[in-house]
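Below: one structure, written as structure tokens.
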Amino acid sequence: MLDLLTRRVRNAAEVELEAFGLRPRHIVGLTLLRDYGERSQADLTEYLGIDATNVVALLNELEAAGLVERRRSPQDRRRHTVVVTPAGHKRLAGVETALAGLEHRLFAGLDAEEQTALHGLLQRALAVTAGVPDTASSCVTDDRTC
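This note's numbering applies: residue 3 is where the sequence shown begins, and numbers increase by one.
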């Protein structure tokens, strides 16, 4: 049942993201940069758990859309850092609002108490699986498995 629910939520979320011209991997990258601040491309490679070529491709797409900006590192002019632009922050906020609305619609059959209980149970399930290898990086390289 979890797999079926996951697929339904993922498919609905991908439809929502299309309206913003984004894919799940874009959201992962933008969220990471927003939450952790300006990072080097090398840091992003490590955080995302994907090879540098895929990070460059991801950043090229985000930069072309005006959502991130690459800057030369003042400490090492050979390195670039990446930061979310104001347009990137705005687009990510819109995505998060849309996804929250989607979640509300998808779980409208549950009352508030049930939704709270489900959220709590999912958080506990995540906590007990913390030692399991994380495959979230596949979301960045393969939109079909996100």
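Every residue gets a Cβ at the ideal spot worked out from N, C-alpha and C, and that includes glycine.
From a predicted model like this one, the values you see are computed outputs, not experimental measurements.
V58 vs L50 beta-carbon contact at 8 Å: Not a contact, by the Cβ cut-off of 8 Å.
Presumed contact (8 Å Cβ cut-off) between L112 and T87, rounded CB distance: Between T87 and L112 the Cβ distance is about 37 Å, and since that is not below 8 Å, they are no contact.
Distance cut-off 7 Å: G90 Cβ against heavy atoms of the ligand FAD: Of ligands this structure carries none, so the ligand FAD is not represented either.
Beta-carbon proximity check, F22 vs G90, cutoff 8 Å: no
DSSP beta-bridge partners of V130: Paired residue(s): none; V130 is not in a bridge.
Sub-8 Å separation of E71 and E65 beta-carbons: yes
First through last residue of the beta strand (DSSP E) which encompasses R72: 70 to 74
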